[in-house]
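J.: A single structure is presented below for examination.
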Amino acid sequence: MITRFTAIVALVGGTLASGPGPHRASPALAGGTISGKVTYTGTPPKARPIDMSKEPSCVAQHPTPVTTQDAVTGPGNSVEYVVVYISAGDEGAAAATDTVRYEQKGCQYIPHVAVMQVHQPLAVFNDDPTSHNIHPLAKVNAEWNKSQPKGAPPIRTTWDQPEFIAVKCNVHPWMHGYFVVLTTSHSTVTDSTGAFKLEGLPAGKYTVTAWHERFGRQSQEVTIAGTETKTANFVLTARPY
Amino acid sequence: MGRLFAVVVSLIALISAAIFALHTWWLPVDISTHGSRIDRQLNETMIVAGILFVAAQLALAAFVWRFGERGGTRATWPIKVFPGGATPMVVIATVLVGIEILVLTFVGSKVWASVYQSEAAPGALQIDVLAEQFAFYFRYAGADGKFGVIHPEKMSDADQNFFGLDPASDTTARDDIVVATLVIPADQPVALRLHTKDVGHSFYVREVRIQQDFVPGMVIPLHFTATTPGKYELVCTQLCGLGHYNMRAYVEVKSPTDFAQWLKEQAPAF
């Protein structure tokens, strides 16, 4: 059983090694690219330390203190964990078949924001030596929560409707993440420099939207005419509270 | 068979009484100023109940030993009928046991009330406690000495706003300190206010001899003084759901100087 579990982990881990987000366009894929950077104006909330002292096995996994991830900013006012996606102009995309991997590790959700398509396979792993109870707070899709003791097999599921779903753990209140379920196959999450890139876009007129769990959302229109790269920067408004 | 039963009953009674009398499994050392009263009450209860328990079991064993294996009919049994029959016997037994229970309750409630129904010492360190499935959080007033107001609709685990503070419009909330370990100074009274976000929970620290339920919709005051620095476990002892087994926090009792230093190092919540 353990061997099979490890094999599944290795298999899924291997297929997803190319990076975050559901769509990892191969460089050979023809089409245009939209790239840019997401920044903020205003004052973002402070990153607050997470006190995990009730779960010593998780404390031990973090040599440096862990802070909240609901507003992670960097140099040059960059914003991490912003979902950038095509909100119009890419209707009717088929669901990707590769599995999105969501981990519970060190009493945190990794990645903090997981983007997937409607009907795309999602696998939730518990890598911790303790139990978790993942609870996606879905409102449009069916809400559920599932216990996953140490060593339990991954929870495999899909979502039927597009939705931004906050995820919590019913055992560890500080655990917080997001499932972002989209219809488009073109989406990504900004990295620690706030940068993003949407590749492999056929010629056409698109609405690109940037969504952040605290700083809201913003859209702009971008027209792609071939294999060009267009820039789309977003400036979100941050509030300290 | 009757004699074997008598021996077994006697052994069970004596061995279990010895386990209590010898404190084989006993409470951990008390580290509170009020705990000795609780312990004394517990001891008295155990002694009174223990003597009656052992006496009753040995009497039962003696009777079984003496009369258990007699044959014959009721008319030939050597046991005399209780004067007046069974009814006065039951009434007398009930009254005797009732008096014992009432006396223990009366004496015990005085001890209980002296801990739970008394006022906290003026100047006690105020700490808010929030219980939720399945963790405890503790809030200190911060530099301004004032607690921000709790707004249940603003409670959010996602951004660590466990107490539902409103820092945007409530400036007293901004410097509140929220942590997941109850850190308190030794030999100084602390006054807690217990809040629960969801269901009933319980605040139990064995070494402090304190056990108090959280009740939804109520803010329950609780105060005590811990005397010995160290790290103790706070557990929820009210079955509160799936993760109940894992609902705990730690109580760290520090020397007053260490406590002052710790408090200084804590970042405000916002």
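Just so you know, the protein sequences line up as chains A and B, in that order. Quick note, in the working numbering, the first sequence goes up one by one and the last residue is 241. Quick note, in the working numbering, the second sequence goes up one by one and the last residue is 511. For each residue, glycine too, the CB sits at the ideal point set by N, CA and C.
Does any CB atom of chain B fall closer than 8 Å to the CB of residue 40(A)?
T.: For residue 40(A), the answer is no, since every Cβ of chain B falls outside 8 Å of its Cβ.
J.: Whose Cβ in chain A lies nearer than 8 Å to the Cβ of residue 381(B)?
T.: In chain order: nothing, as chain A lies at least about 13 Å away.
J.: Going by DSSP, which residues form a beta bridge with residue 169(A)?
T.: Paired residues: 134(A).
J.: Comparing alpha-carbon positions, which option in 58(A), 84(A), 62(A) lies nearest residue 36(A)?
T.: Here the closest residue by C-alpha is 84(A).
J.: Taking DSSP as the reference, what is the three-state secondary structure of residue 27(A)?
T.: In this prediction, residue 27(A) scores a pLDDT of 46, lower than 50, which makes its location untrustworthy; the coordinate-derived value is nonetheless stated afterwards. In this structure, residue 27(A) counts as coil in the three-state DSSP scheme.
J.: Going by DSSP, what residue range makes up the alpha helix (DSSP H) through residue 56(A)?
T.: First-last of the alpha helix (DSSP H) with residue 56(A): 56-59.
J.: Against residue 409(B), what residues of chain A qualify as contacts under a CB-to-CB distance less than 9 Å, listed in chain order?
T.: Those within 9 Å of residue 409(B) in chain A are 239, 240, 241.
J.: Taking Cβ-Cβ distances shorter than 9 Å, what residues in chain A pair up with residue 196(B)?
T.: With chain B represented from 242 up to 511, any question about residue 196(B) goes unanswered, as that position is not in the structure.
J.: So, is residue 347(B) buried or exposed, given that buried needs 16 or more other C-beta atoms within 10 angstroms?
T.: Under this definition residue 347(B) is an exposed residue.
J.: Is it the case that the Cβ atoms of residue 408(B) and residue 361(B) are separated by a distance below 8 Å?
T.: Against a cut-off of 8 Å, the Cβ pair of residue 361(B) and residue 408(B) comes out as no contact.
J.: Indicate whether at least one CB of chain A lies closer than 8 Å to the CB of residue 511(B).
T.: Yes, residue 511(B) counts as interfacial toward chain A.
J.: In the DSSP assignment, what are the bridge partners of residue 124(A)?
T.: Per DSSP, 102(A), 155(A).
J.: Quick one: what does DSSP say residue 343(B) is sitting in, helix, strand or coil?
T.: Here residue 343(B) sits in helix by DSSP.
J.: Of all the options 127(A), 38(A), 33(A), which has the alpha carbon lying nearest to the alpha carbon of residue 236(A)?
T.: With distances taken between Cα atoms, residue 236(A) lies closest to 38(A).
J.: Just to confirm, are residue 455(B) and residue 372(B) a CB contact at a threshold of 8 Å?
T.: Going by C-beta atoms, residue 455(B) is nearer than 8 Å to residue 372(B).
J.: Reducing DSSP to helix, strand and coil, say where residue 280(B) ends up.
T.: Of the three classes helix, strand and coil, the one that applies to residue 280(B) here is helix, per DSSP.
J.: Can you round the beta-carbon distance between residue 80(A) and residue 190(A) to whole angstroms, since I take them to be within the 8 Å contact cut?
T.: Indeed they touch by this definition, with Cβ atoms about 6 Å apart.
J.: If you run the structure through DSSP and keep just helix, strand and coil, what is residue 486(B)?
T.: In this structure, residue 486(B) counts as helix in the three-state DSSP scheme.
J.: When Cβ atoms are compared, which residues of the segment 489-502 of chain B fall closer than 7 Å to chain A?
T.: Against chain A - using a Cβ distance shorter than 7 Å - the residues of the segment 489-502 of chain B are 489, 490, 491.
J.: For a test of the three-state rule: what should DSSP assign to residue 70(A), helix, strand or coil?
T.: Coil, per DSSP.
J.: What residue range does the beta strand (DSSP E) around residue 182(A) cover?
T.: Start and end: 176-182.
J.: Which runs of the beta strand (DSSP E), 3 residues or longer, sit entirely within the segment 323-398 of chain B?
T.: As far as the segment 323-398 of chain B is concerned, its whole beta strand (DSSP E) runs of at least 3 residues are 366-373, 376-381.
J.: Quick check: what's the CA-CA separation for residue 242(A) versus residue 51(A)?
T.: No answer is possible for residue 242(A): the residues shown for chain A start at 1 and end at 241.
J.: Taking the alpha carbon of residue 363(B) as the reference point, which residue from 380(B), 465(B), 291(B), 273(B) has its own alpha carbon closest?
T.: When each option's Cα is compared against that of residue 363(B), the closest is 465(B).
J.: Under a Cβ-count criterion, where at least 16 other Cβ atoms within 10 Å of its own Cβ denotes burial, should residue 120(A) be classed as buried or exposed?
T.: So residue 120(A) ends up on the buried side.
J.: If we count the other Cβ atoms within 10 Å of its Cβ and call it buried at 16 or more, is residue 264(B) buried or exposed?
T.: Classification of residue 264(B): exposed, given that the 10 Å Cβ count is below 16.
J.: Mind checking residue 343(B): buried by the 16 CB within 10 Å criterion, or exposed?
T.: With fewer than 16 other Cβ atoms within 10 Å, it is exposed.
J.: Check whether the Cβ of residue 139(A) lies closer than 8 Å to any Cβ atom in chain B.
T.: Residue 139(A) does not count as touching chain B.
J.: Check this for me: beta carbons of residue 68(A) and residue 400(B), under 8 Å apart or not?
T.: In this structure, residue 400(B) lies closer than 8 Å to residue 68(A) by Cβ.
J.: Does any residue of chain B bring its CB to less than 8 Å from the CB of residue 173(A)?
T.: Yes - at least one Cβ of chain B is within 8 Å of the one on residue 173(A).
J.: Does the Cβ-Cβ distance between residue 449(B) and residue 273(B) come in under 8 Å?
T.: Yes, the pair counts as a contact, with Cβ atoms nearer than the cut-off.
J.: Grouping DSSP H, G and I as helix and E and B as strand, with all else coil, what is residue 192(A)?
T.: Correct three-state label for residue 192(A): coil.
J.: Just verifying my parser: in three-state terms, what is the DSSP assignment at residue 198(A)?
T.: In this structure, residue 198(A) counts as strand in the three-state DSSP scheme.
J.: How many Å lie between residue 458(B) and residue 397(B) at the Cα?
T.: Rounded to whole angstroms, residue 458(B) to residue 397(B) spans 18 Å at the Cα level.
J.: Run through chain C and tell me which residues come within less than 7 Å of residue 147(A), C-beta to C-beta.
T.: No chain C appears in the structure shown, which is made up of the protein chains A and B.
J.: Using only alpha-carbon positions, find the residue among 95(A), 47(A), 62(A) that is nearest to residue 162(A).
T.: Checking every option, the nearest Cα to that of residue 162(A) belongs to 95(A).
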